[in-house]
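To convert, note that position 56 of the sequence shown is 110 in the working numbering; the numbers rise steadily by one, no gaps. All remarks here apply to the structure that follows.
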Amino acid sequence: MKKFILIIAAIFFAIFFYIIYFNIFTFPKAKGLIRINGVSPSCSPDGNWIAFSSFGSTTSNSSIYKIDSSSNNQKRLTKILYGDCILPYWSPNGEYIAYFSSYDNRYSLNIVTSDGKDEWELTPVKLISFPIAWSADSNKIAFIDLDKNGNINIF
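Set out below in structure tokens:
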């Protein structure tokens, strides 16, 4: 049953990824709809920024970027050179963005500051899952992962 749930989750993620890939749009004032090459958009609490995962021009791996929703100024936030950074989630206070990274079959939940100056691994994980839930004060995170027995739990 556990394997079945994991397979269904993987299929759902693959379909979700396929559907939203290359379909992030912003609405700059008086400029119309702008298309951004990226996946898994996440709006900042104040609505001024959109964080997303995208393949940059200098790397074949995905990174977390943010874009100003009114001017379309884009900035790369994560500095990881190998592996992929996906599924960004803003903290309620807008200071942090949580995301998952993968490299060489190793996964982790990470945090980057919204200005991209600092980033760190919060914890290794066995399962990349969404959504990530922040506490209202931005001091705690809840996420789904497998325990040591292979059971899906909230941590």
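Using N, Cα and C, we set each Cβ at its ideal position, and we do this for glycine too.
Where the beta strand (DSSP E) containing residue i begins and where it ends
{"i": "Lys120", "result": "116-122"}
{"i": "Pro95", "result": "93-97"}
{"i": "Ser162", "result": "160-167"}
{"i": "Ile206", "result": "206-208"}
{"i": "Ala105", "result": "103-109"}
{"i": "Ala152", "result": "150-157"}
{"i": "Asp138", "result": "138-144"}
{"i": "Thr132", "result": "From DSSP, Thr132 is part of no beta strand (DSSP E); its letter is neither H nor E."}
Of the residues the options, the one placed nearest residue i, counting alpha carbons only
{"i": "Tyr119", "options": "Asp100, Tyr157, Lys171", "result": "Lys171"}
{"i": "Trp144", "options": "Pro185, Ile198, Asn203", "result": "Pro185"}
{"i": "Gly204", "options": "Ile104, Gly92, Ser107, Lys180", "result": "Lys180"}
{"i": "Cys139", "options": "Lys129, Asn126, Asn127, Tyr161", "result": "Tyr161"}
{"i": "Ala152", "options": "Phe106, Lys202, Gln128", "result": "Phe106"}
{"i": "Ser178", "options": "Thr167, Ser108, Phe154, Asp169", "result": "A quick correction: the sequence has Pro, not Ser, at residue 178. Of the listed residues, the one whose Cα sits closest to Pro178 is Phe154."}
Cβ pair residue i, residue j closer than 7 Å
{"i": "Ser94", "j": "Leu141", "result": "yes"}
{"i": "Ile134", "j": "Tyr150", "result": "no"}
{"i": "Ser123", "j": "Asn102", "result": "yes"}
{"i": "Cys97", "j": "Ile90", "result": "no"}
{"i": "Ile198", "j": "Ile208", "result": "yes"}
Backbone CA spacing between residue i and residue j [nearest angstrom]
{"i": "Gly137", "j": "Ala190", "result": "30 Å"}
{"i": "Ser156", "j": "Glu173", "result": "15 Å"}
{"i": "Ile182", "j": "Ile206", "result": "12 Å"}
{"i": "Ser117", "j": "Asp158", "result": "16 Å"}
{"i": "Asp201", "j": "Ser125", "result": "43 Å"}
{"i": "Leu163", "j": "Asp100", "result": "24 Å"}
{"i": "Tyr129", "j": "Ile121", "result": "A small correction: the amino acid at residue 129 is Lys; Tyr does not occupy that position in the sequence shown. Near 6 Å, if we compare the C-alpha coordinates of Ile121 and Lys129."}
{"i": "Gly92", "j": "Ser108", "result": "4 Å"}
{"i": "Glu175", "j": "Ala187", "result": "17 Å"}
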